[in-house]
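Residues -2 to 352 (the numbering used here) are what the sequence shown spells out, left to right.
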Amino acid sequence: MASTTTKTLIAKAKRANPALVKDAVQRRVRIGLARRGILITRIDEEGRRHFEVGHDSDVPLPPGAEAELRADNPRLSELRAAYDQLDYPSAVPSQWSDDFLAKNLSLAWFRGDNAYVWQLRLFTGEAKTRNFVAMTDIESRDRLGLFDKVTEDGLFGAFTFSFGDRVVSRDLLDSINEINYLDEHMGLSSIKDAKILDIGAGYGRLAHRIDEGLDNVAVYDCTDGVPISTFLCEYYTRFRGLSDAVRVVPLSEIDTLHDSYDLVVNVHSFSEQTLASITWWFEQIGKRDIEYVLIVPNTQGVLLSTEADGSRLDFMPVVLGAGYEQVDHRQIYSTQEMCDMVGLHDEFYLFKKKR
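The structure is reproduced here in structure tokens:
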């Protein structure tokens, strides 16, 4: 039988304003959870967009894009068939399966919030504010003046944010940050006829920005173990009219890579491969004279693979075993507080070949 106190509370609740009772209960729940370190907050309209749409269609697709960027495109079929014939570990996906791509990529809107570049899904709200904070931090370290050289047009579904006359996206901000980092720590812009190999190049994001922002790069080779990425990279680099320095190298033509490069970049790619695949890639790197390797993983404080069974393995020994030493490791923003404000805690790992 309920106690007298409980009966009294029930009676009062029945007589009370239902809305007030609801608010009181919700407030008590929020306070109780907050004391346990759990914060409940309402998603704002910017955050809600992630749950409703995976791309921004305010900027229409360019003529012919929808017709070409189709799953039944003959070139994509050709690449898939060629990759299927390969016995390389890098041709066997652990994360980028057909099911994963079906859920995480709209082919014609490949610069949206998807498997290539997470955008709104990083934030439960205040996306514009967070991008402004990121822009301000990156701009304060823009030693190359890239904000005056590269632009964002929002094509192919990229979510953009306008601050005065400046339009930014995560594609643009990440790229400017990465290029400036490389310039500061390995003097990228001062290397005459620089040669870069981008492993896991995706749709060609960084290739586009480096070709747009630097004038000293003689070779920028894009390669990827996922055929749909190679297909999109071919399309995007062609659409952007990039210089002859930029070349897309299908995995089936890996033997056409150069014998030497100044730099290998791998941004959010090794973390989505198996240890066998990463080991295979470092065997390819080891066959060539390559001075620096930049890795931006999906994890913090450790380099982990993604195995077919979902387990994660440390691949730092693979990097060091290939004859490289770590020369720098830091967060992509200037301070921990800045990372917290932006809500992004990615890290740079820079390695140099032992001589």
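Built from N, CA and C at the ideal position, the CB exists for glycine as well. All of these numbers come straight from a predicted model, not from anything done at the bench.
Two segments are said to touch when three or more pairs of C-beta atoms, one from each, lie closer than 8 Å; by this definition the segment 283 to 295 touches the segment 258 to 267. Separation of the CB atoms of V315 and F279 is rounded to 5 Å, and the pair is thereby assigned contact status at 8 Å.
Less than 9 Å divides the Cβ of V264 from the Cβ of D171. Along the length of the segment 170 to 258, whole alpha helix (DSSP H) runs at least 4 residues long occupy 202 to 210, 224 to 236, reported in chain order. The count of Cβ pairs closer than 8 Å, one atom from the segment 208 to 217 and one from the segment 78 to 91, stays below three, leaving the stretches out of contact. Shown here, Y289 sits in a strand according to DSSP, grouped into three states.
When Cβ pairs closer than 8 Å are counted between the two stretches, the segment 291 to 309 is seen not to touch the segment 147 to 156, the count staying below three. In this structure, the straight-line span from the alpha carbon of A79 to that of L102 is close to 22 Å. The beta-carbon separation of V246 and T271, rounded to 21 Å, does not stay under the 8 Å limit for a contact. In this structure, F156 is the residue among I225, F156, T234 with its C-alpha nearest to the C-alpha of P57. For R163, the three-state secondary structure derived from DSSP is strand.
Under the three-state reduction of DSSP, R108 is assigned to coil, being neither helix nor strand. A direct Cα-to-Cα measurement between P86 and S159 gives close to 42 Å.
Collapsing the DSSP output to three states places L300 in coil. Check the Cα spacing between R352 and each of H182, F345, A319, K189: the tightest is with A319.
Residue range 321 to 328 is occupied by the beta strand (DSSP E) that includes R327, with no alpha helix (DSSP H) assigned at that position. Here Q281 is buried: its Cβ has 16 or more other Cβ atoms, across all protein chains shown, within 10 Å.
DSSP places K350 inside the beta strand (DSSP E), whose first and last residues are 344 to 350. DSSP places F312 outside both helix and strand once states are collapsed to three, so it counts as coil. G109 and C230 have their alpha carbons spaced roughly 15 Å apart. Comparing alpha carbon positions, the residue from N177, G197, F228 closest to R77 is F228. Just measuring C-alpha positions, the residue of I329, P224, Y330 sitting nearest E75 is P224. For S226, the closest alpha carbon among the candidates S331, S166, T276, R72 is that of R72. Taken through DSSP and simplified to helix, strand or coil, V264 comes out as strand. Going by C-alpha positions, M183 is about 37 Å away from L66.
In summary, R140 is exposed, with fewer than 16 beta-carbon neighbours lying within 10 Å of its beta-carbon over all protein chains present. In the three-state scheme derived from DSSP, where H, G and I count as helix and E and B as strand, F158 is classed as strand. CA-CA distance, D145 to V339, rounds to 23 Å. Ranked by Cα distance from T234, the options S274, Q328, E209, A64 are led by E209. Separation of S308 and R167 (C-alpha to C-alpha, rounded to the nearest whole angstrom) is 29 Å.
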